[in-house]
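Asker: Using the numbering used here, read the sequence shown as starting at 141 and increasing by one per residue. Ideal Cβ positions, reconstructed from N, Cα and C, are used throughout, including at glycine. Just so it is clear, the structure is predicted and the values come from calculations on it, not from any experiment.
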Amino acid sequence: MSEHRTLRAAIVAQLQTVVDIGAVYAYERYAKDDAAFREIYAGGTGILGWHVRRVARKEASSTNEVLTTWEIRGFANLQDSEESELQFDELIDRICDAWRSDPRMGNAVLYPGKDIAPVPELVDAGPAMFCGVLCHSARLRLVTRTVIKADRPWD
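(1) On the three-state DSSP scale, how would you describe ASP264?
(2) Can you find at least 3 beta carbon pairs, one from the stretch 252-262 and one from the stretch 174-190, that sit closer than 8 Å?
(3) State the CB to CB distance for the pair ARG285 and THR209, rounded to an integer number of angstroms; the pair is presumed to be in contact (CB under 8 Å).
(4) Can you list, in chain order, the residues of its chain with a C-beta nearer than 7 Å to that of GLU225? Leave out the 5 residues immediately preceding and following it.
(5) Would you say GLN154 lies against chain B (beta-carbon separation less than 9 Å)?
(6) With a CB to CB cut of under 8 Å and the five nearest residues on each side skipped, what residues in its chain are close to GLN156?
(7) Taking three-plus beta-carbon pairs below 8 Å as touching, is the stretch 221-238 in contact with the stretch 200-208?
(8) Taking the straight line between their C-alpha atoms, what separation do you get for PHE270 and ARG213?
(9) Consult DSSP for CYS332 and reduce its assignment to one of helix, strand or coil.
(10) How would you label ASN247, buried or exposed, when you count the other beta carbons within 10 angstroms and need 16 or more for buried?
(11) Quick check: the Cα distance between ALA171 and TYR181, rounded to an integer number of angstroms?
(12) Distance, Cα to Cα, ALA268 vs ARG279?
(13) Figure out for me which residue from ILE187, ALA238 and TRP239 has the closest Cα to the Cα of ASN217.
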């Protein structure tokens, strides 16, 4: 399995430890129409789902260290009468708690280094139309730190 697939699988597994997380996908899902798209992200009370996307990767040749930046994107039905914004914020807090409990995702990554947050950071949150439904939306950023095996001809 390639490096990014291994890391994605670890991130998805970590997200799936969170109570009431909803659907979690290792990649951004698409569909030809809103109905099919809604079905992909459908939860018990409507839309509730997350996907993971790799957005940046930097490799240091001197140490073989790789910093990978991931975007974790989530959506949930907006239901004002049920204070759903507060519930969605609590879900985001539980995601951060999962990383506080296991920042190395079961030894899949190194402990976050200097200037790297040990938990996913909330980058943006607010209402959004998703699958034709008014939803809460959150964008979290996670930076993972790994070491890869590299054969350097100049060593």
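Answerer: Quick look at the numbers:
(1) Here residue 264 corresponds to residue number 124 of the sequence shown, with the count starting at 1. Looking at ASP264 - three-state DSSP - the assignment turns out to be strand.
(2) no
(3) Taking the first residue of the sequence shown as position 1, residue 285 is located at position 145. Taking the first residue of the sequence shown as position 1, residue 209 is located at position 69. Incorrect: roughly 11 Å between the Cβ atoms, too far for contact.
(4) Here residue 225 refers to the residue found at position 85 of the sequence shown. Cβ within range, chain order: HIS276.
(5) The chain labelled as chain B is not found in the depicted structure, where only one protein chain is given.
(6) Mapped onto the sequence shown, residue 156 falls at position 16. The answer, listed in chain order, is VAL164.
(7) no
(8) Taking the first residue of the sequence shown as 1, we reach residue 270 at position 130. Taking the first residue of the sequence shown as 1, we reach residue 213 at position 73. Cα-Cα distance, rounded: 12 Å.
(9) No statement about residue 332 is possible, as the shown extent of the chain runs from 141 to 295 and does not include it.
(10) Translated into positions along the sequence shown, residue 247 becomes position 107. Counting Cβ neighbours within 10 Å, ASN247 comes out exposed, since fewer than 16 surround it.
(11) Walking along the sequence shown from the start, residue 171 turns up at place 31. Walking along the sequence shown from the start, residue 181 turns up at place 41. When rounded, the distance between both Cα atoms is 11 Å.
(12) Translated into the one-based positions of the sequence shown, residue 268 becomes position 128. Translated into the one-based positions of the sequence shown, residue 279 becomes position 139. Distance between the alpha carbons of ALA268 and ARG279 is about 12 Å.
(13) The residue labelled residue 217 in the question sits at position 77 within the sequence shown. Among ILE187, ALA238 and TRP239, the Cα nearest to that of ASN217 is on ILE187.
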